[in-house]
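S.K.: One structure is given below, represented as structure tokens, and several questions about it will come after.
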Amino acid sequence: MDISQMLKSLQDPMGVPFYPFVFQVLLVLTFALHIIFVNLVIGGVFMSVYGYFKKGNYYRALSKAFAKASTINFSLLIVLGVAPLLFMQVIYDPFWYTANVLSAAWMVGIVFVLMAAFSFAYVFYMKLYKDRKHIGVWGVAAFLLILLVGVTMHAVSYQALFPEQWVNWYVGGSKADLSGTILHAFQLPRFLHFIVASFAITGIFMMLYAWYFKERDDMDKSYLAWVGKTGAKMAVTFTVLQMVVGVWWLLSLPSGFQFYRNPVFLTAGVLVVLLLLVLIEAQSNPQKYALPAAGLALIGVLGMTSAREALRMLYVGRYNYSVYTYKLNLSYGSTALFAVTFLMGIVIVSYLLSVVFKMGRSSKPLDLSSLRLRTWSVYLMIAWILIMIGIGVAIAS
Amino acid sequence: MYPVWQVPVMGSALVIAFIASFHILPSHLATSAFWFNVYVENKAYKENRPELLEFIKKYVLVLLIFSFIFGSLSGVGIWYALTVAAPKGISALIHNYVWGWAAEWVFFIIEVLAIYVYYYTFGRVDNKTHLTIGLIYAIGSWISMAIITGIMSFMLSPGKWLTTGAFFDGFFNPTYLPQLLMRTSFMFAVAGLYAIVVAGTLKRKEVASFIIRRASVWGMLGAVLTALFFRVYLWSLPAPARELYGMSILIPKIVPVIVVAAFAALLAWFMVVWLRPRWAKAVPGVLAILILLVGVFSAESIRERIRKPYVIGGYMYSNQIVPAGLPAKGIQGDLATIDSVGILHYSPFVPAGLRTIDTADLLKAGGEIAQIECSACHTLEPNGWLRPLPTMVRMAGLSSVDNAQAFIGFLDAFPFMPRFAGTAAEKKALAAYLVSLYRK
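Chains as they are written, first to last, in the numbering used here: chain A, 2 to 398; chain B, 232 to 671.
Here it is as structure tokens:
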């Protein structure tokens with residue numbers, strides 16, 4: 002069968018319930034959020050282990066802070082991963098499903114690996130706060146397992162881009178490999194591009210940490226300054242390194258793509274250069290530059306994930322696949338349901354974040370009962386339930 | 232058709248079943264715990280009993296670790312397992328319900344943030360704010376269950392959706408409300424069960440017995456209501472599902488007995504600790520949870536079985552072949568095409584040498600067909616765990632190819648079996664393969 006015909010036949014006959022471009026935007030947006038937390042967990046778990054093995058009070062305090070933050074970031078990583086996983090399957094289903102089945106045992110396996118990694122990170126965090134000795138093995142194990150998950154996710158996403166190989170991987174030779182125990186494709190620079198970025202992002206996170214806690218009267222000012230400096234140094238070093246890996250990765254792409262001329266990629270590149278300039282400037286006063294650096298990093302990551310999508314379009318375009326020609330079965334009702342829920346979610350998330358932001362900056366208990374979003378958050382959810390009951394009654398009658 | 236993931240002996244369906252059954256405990260705990268929590272916390276503030284807060288902190292920590300490590304990851308695990316075991320099935324669900332899932336995801340975010348904020352703001356914000364955050368979590372997590380129940384019950388009873396293809400017609404399907412009420416009641420029983428285990432570890436005995444007695448009342452009420460709504464749910468089943476429920480060849484009589492026994496044991500446990508809170512030690516408490524897990528596994532397996540031969544009721548067979556299509560969404564069925572070109576030709580992931588039956592090794596081709604059309608519900612090995620084909624073949628007495636061919640021709644005379652899809656030559660190849668199993 003011709004590859005492009007095969008891909009067409011694998012697309013779901015249900016079609017998509019709204020314009021594919023919207024799913025594509027959501028895919029890029031939510032993947033950016035997801036990958037930032039992946040970066041923070043990789044870098045954070047590493048720093049908590051590194052700080053544990055290093056001597057000195059500052060490193061010990063930093064280790065504790067990262068051990069705690071990493072458990073929270075781990076939860077957010079998982080929950081933020083759900084959305085891109087979903088949108089991916091809506092517009093790139095032939096690629097995603099086949100690549101997954103080809104390495105099925107790995108994909109199911111990483112769920113258990115993640116459980117182990119998360120548990121180990123948690124054990125490390127709890128033992129660290131009880132000042133137990135010889136606990137490094139928990140942290141190291143957590144870190145290595147997280148990397149293993151990264152390797153798997155990278156390989157499966159990457160093998161999705163080579164449909165002409167699928168049949169060969171699956172039934173290469175006379176005997177079919179149905180077990181899904183093999184990872185078929187790996188591209189080192191692409192993988193490293195995710196890993197190196199983790200340390201740059203974590204460095205910026207440390208700058209933010211230093212900036213955020215400087216208002217707290219019970220925090221050691223010189224410790225915070227040290228965290229900011231160390232973070233800024235880390236951020237600038239790994240951003241440069243990230244650029245080197247980026248060039249390596251760029252050179253490894255199929256030359257026909259001429260990706261170095263791609264406007265999305267060039268925009269992302271300019272953003273990263275701007276970030277580097279801010280980071281260089283930030284070395285003398287990291288706390289002052291924490292917010293602009295974080296803002297630019299966020300936009301930079303968004304630029305990079307957009308470039309990643311542009312690249313994917315080039316890969317799948319080789320087989321005449323375009324998400325824009327996906328069959329449409331418009332469903333305004335369910336699209337509105339999501340849109341309304343999403344807006345409501347923004348309100349509630351803002352409330353929760355504002356509570357935690359204010360609380361973290363105060364060394365004393367706070368009275369936040371007058372925050373207006375507090376009652377709004379509850380009312381909005383009750384309204385949501387009432388609307389759904391209304392629809393349900395209308396459908397049933 | 233996508234490639235088929237073959238799991239030796241166990242079968243890919245059981246991979247899903249085990250992960251999914253495990254997921255029920257942390258997920259129902261995650262949805263229910265905070266109702267109990269907010270209730271106790273409110274009591275602590277109103278009646279000025281700060282000692283109750285000791286329980287809440289412990290209970291939330293259990294929830295945080297159990298539900299937010301193992302619960303959320305096993306939830307993702309179900310999805311991954313479905314992705315690789317039934318890609319076309321999950322794809323159909325997602326293309327229909329992507330906005331439902333996306334809305335559920337918004338509530339997931341709210342839940343995760345709320346529980347961490349709740350845990351880390353203990354004693355650092357005013358009581359009102361803290362209670363509100365607990366309430367946000369409680370409502371949000373219940374809504375996320377209300378959404379996923381819509382999709383799950385849709386798979387069992389799509390209702391009007393089969394003619395309209397409309398999102399809400401499928402979501403608010405005939406078994407939705409009974410299932411939602413049943414799961415809502417059930418989650419209170421789970422909350423009670425966990426609260427008893429946690430309270431049993433408290434140092435202050437008077438606090439422990441107070442919590443245990445309250446929790447057992449919640450548990451008893453939840454359990455009784457679950458049983459009640461389970462009855463309603465059985466009434467609401469579509470006729471074919473009800474017919475399958477009565478067939479002992481599909482659902483051995485022991486399965487409902489296990490469900491009832493587990494449920495009775497649970498109820499007894501709640502009564503015992505209500506009378507004797509001191510008996511609520513960790514070992515019997517955890518044992519009660521395990522008994523519950525066995526009961527839930529059995530109950531969920533009934534739901535999976537009465538859906539047969541479909542993975543999405545009336546739309547897609549368990550082997551992911553769409554028999555009739557869905558005109559409302561412009562979908563044509565696969566059956567007619569497969570019958571004319573052959574399944575080995577229709578699926579792109581078949582070794583080139585097996586595509587044309589005339590020249591291929593008949594047994595190998597038959598094995599390939601069994602892989603594609605049967606392995607979702609039958610393991611192919613004689614020692615397989617999931618309705619192994621060799622056993623089935625011997626039960627049906629398929630000792631000759633003619634015999635087997637005739638049997639395959641009337642497969643859908645069994646209400647739980649799909650119709651065979653493929654050419655006459657393919658039918659013969661499958662028959663030859665089945666007969667070879669008879670002799671194994």
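Glycine included, every Cβ here is placed at the ideal spot set by N, Cα and C.
Computed from a predicted structure; not experimentally measured.
1) Following the continuous alpha helix (DSSP H) through residue 390 of chain A, name the residue where it begins and the one where it ends.
2) For chain A, find out if any of its Cβ atoms is closer than 9 Å to the Cβ of residue 643 of chain B; answer yes or no.
3) Let me see if you follow: with CB-CB separation under 9 Å, is residue 14 of chain A close to chain B or not?
4) Skipping 5 residues on each side, what residues in its chain have a beta carbon closer than 7 Å to that of residue 369 of chain A?
5) On the DSSP letters alone, give me the boundaries of the beta strand (DSSP E) that residue 238 of chain B sits inside.
6) Counting only beta-carbon atoms, is residue 26 of chain A nearer than 9 Å to chain B?
7) For the region 299-313 of chain A, list every residue whose C-beta sits within 8 Å of some C-beta in chain B, in sequence order.
8) Between residue 367 of chain A and chain B, is there a C-beta pair that is closer than 9 Å?
9) Give the C-beta separation of residue 537 of chain B and residue 476 of chain B to the nearest angstrom, bearing in mind that I take them to be a contact with Cβ-Cβ under 8 Å.
10) Which bits of chain B does residue 7 of chain A rub up against, with CB to CB less than 8 Å?
11) Would you mind listing the alpha helix (DSSP H) stretches within the region 321-402 of chain B that are 4+ residues and don't spill past its ends, in chain order?
12) Among B:557, B:609, B:377 and B:665, which residue has its Cα nearest to the Cα of residue 16 of chain A?
13) Of all the CB atoms in chain B, is at least one closer than 9 Å to the CB of residue 330 of chain A?
14) Indicate the three-state DSSP secondary structure (helix, strand or coil) for residue 563 of chain B in the structure shown.
15) Quick check on residue 250 of chain A - is its C-beta less than 9 Å from some C-beta in chain B?
16) Report, in whole angstroms, the separation of the C-beta atoms of residue 551 of chain B and residue 319 of chain B, which I expect to be a contact under 8 Å.
17) Just tell me which of A:195, A:254, A:134 and A:346 has its CA closest to the CA of residue 242 of chain A.
18) Pull up the distance between the alpha-carbon of residue 36 of chain A and that of residue 621 of chain B, whole angstroms please.
19) Of all the CB atoms in chain A, is at least one closer than 9 Å to the CB of residue 351 of chain B?
20) Use the C-beta contact count for residue 510 of chain B: other C-beta atoms within 10 angstroms, 16 or more gives buried, fewer gives exposed.
21) From the beta carbon of residue 244 of chain A, is the nearest beta carbon of chain B less than 9 Å away?
22) Using a Cβ-Cβ cutoff of less than 7 Å, which residues in the same chain neighbour residue 376 of chain B once the five nearest sequence positions on both sides are dropped?
23) Along the alpha helix (DSSP H) that carries residue 669 of chain B, what are the first and last residues, could you check?
24) Leaving aside the five residues before and after residue 613 of chain B along the sequence, list all residues of the same chain whose C-beta is less than 8 Å from its C-beta, in chain order.
25) Is the separation between the beta-carbon of residue 217 of chain A and that of residue 362 of chain A shorter than 9 Å?
26) Does any residue of chain B have a CB that is nearer than 9 Å to the CB of residue 386 of chain A?
27) In chain order, what residues of the same chain have a beta carbon less than 6 Å from the beta carbon of residue 654 of chain B, not counting five sequence neighbours either side?
28) Would you identify the three-state DSSP class for residue 556 of chain B, choosing helix, strand or coil?
29) Do we get a CB-CB distance below 9 Å when we pair residue 243 of chain B with the residues of chain A?
30) Relative to the C-alpha of residue 350 of chain A, which residue among B:306, B:338, B:270 and B:301 is closest?
31) Kindly list the residues whose CB is nearer than 6 Å to the CB of residue 220 of chain A, restricted to its own chain and excluding five residues on each side of it in sequence; keep chain order.
32) Relative to the C-alpha of residue 349 of chain B, which residue among B:308, B:417 and B:272 is closest?
33) Following the continuous beta strand (DSSP E) through residue 542 of chain B, name the residue where it begins and the one where it ends.
34) Does the structure place the region 376-396 of chain B close enough to the region 344-360 of chain B that three or more beta carbon pairs sit under 8 Å?
35) Indicate whether at least one CB of chain A lies closer than 9 Å to the CB of residue 397 of chain B.
36) State the Cα-Cα distance for the pair residue 244 of chain A and residue 268 of chain A, rounded to the nearest angstrom.
M.R.: Taking the definition as stated:
1) 373-397
2) It does not; no Cβ of chain A falls within 9 Å.
3) yes
4) 356 and 359
5) Run containing residue 238 of chain B: none; DSSP gives neither H nor E here.
6) no
7) none
8) Against chain B, the CB of residue 367 of chain A has a partner CB under 9 Å away; the residue lies at that interface.
9) 5 Å
10) 579
11) 358-387, 392-395 and 398-402
12) B:557
13) yes
14) strand
15) no
16) 4 Å
17) A:195
18) Rounded to the nearest angstrom, the two C-alpha atoms are 47 Å apart.
19) Judged by the 9 Å Cβ criterion, residue 351 of chain B is in contact with chain A.
20) exposed
21) no
22) Result list for residue 376 of chain B: 262 and 414, in chain order.
23) 655-669
24) Only 619, 621, 622, 668 and 671 meet the Cβ criterion.
25) Pairing residue 217 of chain A with residue 362 of chain A gives a Cβ-Cβ distance under 9 Å.
26) yes
27) 573
28) strand
29) So, interface residue.
30) B:338
31) 214
32) B:272
33) 541-543
34) no
35) At a cut-off of 9 Å between beta carbons, residue 397 of chain B contacts chain A.
36) 14 Å
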